[in-house]
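Okay, so here's the structure we're looking at.
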Amino acid sequence: MKNLFIAVFLLATTAVSYAQEEKESTSNQEEVEKRDITQNELSINAFNLVAFGIIEITYERVINENSTWALEGFFHPSKDDYLDEAYYKNLSLTGKYKHFFSSKYARGFYVNAFGMISSGEYETDYYYSDISEEYIYETEDYTDFALGFGLGGKFVSQGGFMLDLNAGIGRNLLSENSPTVVGQFMVNLGFRF
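Using mature numbering (1 follows the signal peptide of the UniProt record, and there is no 0), the letters of the sequence shown map in sequence onto residues -19 to -1, 1 to 174.
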């Protein structure tokens, strides 16, 4: 009887232990798979926010494991003289398509194409004033549409936090009163959900 009790006890303990390991294995697999099937991302360009006080927010949607589309809103609340050289635009709305080269789910190295509609104030001419003894800049408001491309890399943690590094260049197409070339440099911090 004692041997039968020990055998049943060992069998029950082994079965419970096996069931617990199976449950933990399934739970860990579900966490990884959940992150890899979430399709929405929200991020902010931390570089522009800290360096220039510019608000640039991005919503990105995962299409499949190799591609995403994104919508970026740019708002430059206050124009400073030293910032005018870096950013002529006050507002912009950019649509992007990203293609990833990694076998990971919408992560790793990518290339992108973008279309950007922007508005701002651009210097069209300048002259030296003998009266004030300084340069006078003439500016005009503009609205223009640009097409361009970029390169980047996206890193996503197990918990869904992400870092997206991106640089791109494009060309304005419609107005003579706008900058010819537009650039993007982004260090986005966000969350995939």
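Just so you know, even glycine gets a beta-carbon here, dropped at the ideal spot from N, CA and C.
Treat the numbers as computed from the prediction; the structure is a model and nothing was measured.
Output the boundary residues of the beta strand (DSSP E) element that contains residue 136. In the DSSP annotation of this structure, the continuous segment of the beta strand (DSSP E) that includes residue 136 starts and ends at 115 to 137.
May I ask you to report which of helix, strand or coil DSSP gives residue 111? coil
Does DSSP put residue 94 in a helix, a strand or coil? strand
Under three-state DSSP, which class holds residue 175? Shown here, the chain extends from -19 to 174; a query on residue 175 therefore has no answer.
What would DSSP say about residue 29, mapped onto helix, strand or coil? helix
Please list, in chain order, all residues of the same chain as residue 49 whose beta carbon is under 7 Å from its beta carbon, the five residues on each side excluded. 41, 42, 43, 79 and 87
Tell me, which residues are paired with residue 148 by DSSP? 132 and 166
Beta carbon of residue 56, beta carbon of residue 25: below 8 Å? No.
What residue range is occupied by the uninterrupted beta strand (DSSP E) comprising residue 75? 70 to 81
Apart from the five residues on each side of it in sequence, which residues of its chain come closer than 8 Å, Cβ to Cβ, to residue 110? 116 and 117
Assign residue 91 to one of two classes, buried (16 or more other C-beta atoms within 10 Å of its C-beta) or exposed (fewer than that). buried
From residue 128 to residue 103, what does the alpha carbon distance come to, in whole angstroms? 19 Å
Residue 112 versus residue 166 - alpha carbon distance: 40 Å
Using the C-alpha atoms, what's the distance from residue 158 back to residue 106? Residue 106 and residue 158: Cα-Cα distance of roughly 10 Å.
Tell me the DSSP secondary structure of residue 44 in three-state form. strand
Please confirm whether residue 73 and residue 98 have their CB atoms less than 8 Å apart. yes
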